[in-house]
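Enquirer:
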Amino acid sequence: MPKVKTNSSAKKRFKVTGSGEITFQKAFKRHILTKKSKKRKRALRKKGVVGDTNKDFVLRLLRLKG
1 MPKVKTNSSA KKRFKVTGSG EITFQKAFKR HILTKKSKKR KRALRKKGVV
51 GDTNKDFVLR LLRLKG
């Protein structure tokens, strides 16, 4: 049987923590930052955590769940 490949875009975007949470970098912090408030930009610095609704799907993309 051939090997099943991990989804390339998913492995670049998501990281699994030691506790099993899946983190990702938040969007909207690349450009046009002058109109965004300091508070908003500070909040966007933090890592996002994948919710329970999408967790199974992301794990499947990363080939961590059959």
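Here the working numbering is used: position 6 in the sequence shown is 6, and no number is missing along the way. Think of the CB as a built atom: it goes at the ideal place given N, C-alpha and C, for glycine as much as any other residue. These numbers come from a predicted model, not from an experiment.
1. What do you reckon, are the CB atoms on F24 and K41 nearer than 9 Å?
2. How do the region 12–22 and the region 46–61 stand: do at least 3 beta-carbon pairs fall below 8 Å, yes or no?
3. I need the boundaries of the beta strand (DSSP E) containing V16, first residue and last residue.
4. Tell whether a beta-carbon distance below 9 Å holds between V4 and I22.
5. Excluding sequence positions up to five away, which residues of its chain have a Cβ less than 7 Å from the Cβ of T125?
Expert: Here's the rundown:
1. no
2. yes
3. 14–16
4. no
5. It is not possible to answer for residue 125, since the shown part of the chain is limited to 1 through 66.
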